[in-house]
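Each residue of the sequence shown is one higher than the one before, starting from 42 at the first, in the numbering used here.
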Amino acid sequence: MGASSGFGESISLKLAETGMNIAGVHLDRKSTLPHVEEITQKIKSHGVKSHFVNANAADREKRKEFIAELKKIAPEGIHCLVHSLAFGTLKPFTSTEEKDRISQEQMEMTLDVMAHSLVYWTQDLLSAHMLRKGSRIFAMTSSGGTRVWPTYGAVSAAKAALESHCRQLALELGKQEIAVNSVRAGVTDTPALRKIPG
């Protein structure tokens, strides 16, 4: 998830280099779709398959459609699930003007996309028998989960929640020999980082 830029793109390319087929979910506008085509061609150049879908990874129906497609093209299941979604609201919690502060809808959307979606994807992949013994789940987190910056409150809360979700999933899935880890890669120049003011 989040396979078309930043960490998601880099991870997709590296996994393809090691011989893994890549199924990616990304959310791109028309202007950035040529870059997605470049990524899929680079993946295929390693002699592996590439299946990318331009959809909102936090949309329940789109998730179910993608997993149904995935089950047809990879009935043996998936080895690795990578959650690298960076889509949230960068507004302060407080402001004298209502339009300048985060709304309930924006807060809920940020946490849903950047944290809760990992749980829902995991649940649906398990139900479809796509995650099996030996599967791995990785979620990209950041130091923002424990630090504060102006306008970063909702994203910080999402990263803290994502780490908590990983701990809970690791506890529950360990007995099935499915490992779950959050990865804090450090400050890295990605499109998502450039959107954070200051």
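Beta carbons: idealized from backbone N, C-alpha and C, even for Gly.
Treat the numbers as computed from the prediction; the structure is a model and nothing was measured.
The residues K200, R225, in chain order, have a CB closer than 7 Å to that of S183 in the same chain once the five nearest residues on each side in sequence are set aside. The continuous alpha helix (DSSP H) containing G194 extends over residues 194 to 214. Under the three-state reduction of DSSP, K132 is assigned to coil, being neither helix nor strand. DSSP, read as helix, strand or coil, puts L68 in coil.
For I178, same chain residues with a beta-carbon under 6 Å away, outside a window of 5 residues either side, are L122, V221 in chain order. By the neighbour-count criterion, in which a residue is buried when 16 or more other Cβ atoms sit within 10 angstroms of its Cβ, G49 is buried.
In the DSSP annotation of this structure, S176 is not part of any alpha helix (DSSP H); the continuous beta strand (DSSP E) holding it starts and ends at 172 to 182. Rounded to the nearest whole angstrom, the CA to CA distance from S168 to T137 is 46 Å.
About 4 Å separates the Cβ atoms of N62 and K90, confirming a contact at the 8 Å cut-off. Exclusion of the five residues before and after L54 leaves I80, K83, I84 as the residues of its chain whose Cβ lies within less than 8 Å of its Cβ.
R104 counts as buried, since at least 16 other C-beta atoms from the protein chains shown sit within 10 angstroms of its C-beta. Under the criterion of beta carbons closer than 8 Å, L203 and L159 qualify as touching, at roughly 6 Å. The criterion of a C-beta distance shorter than 8 Å is satisfied by A198 and L152. H157 carries a helical assignment under DSSP once its states are collapsed to helix, strand and coil.
In this structure, A98 places its C-beta atom within 8 Å of the C-beta atom of V66. A Cβ-Cβ distance of about 30 Å is found for the pair I119 and A195, leaving them out of contact under the 8 Å criterion. The three-state reading of DSSP puts A115 in coil, since its state is none of H, G, I, E or B.
Checking the DSSP bridge columns, you'll see H124 partnered with A180. E218 is a Cβ neighbour of K174, given a cutoff of 8 Å. For H76, the secondary structure class from DSSP, reduced to helix, strand or coil, is helix.
Classified as buried, T163 has 16 or more neighbouring CB atoms from the shown chains inside 10 Å of its CB.
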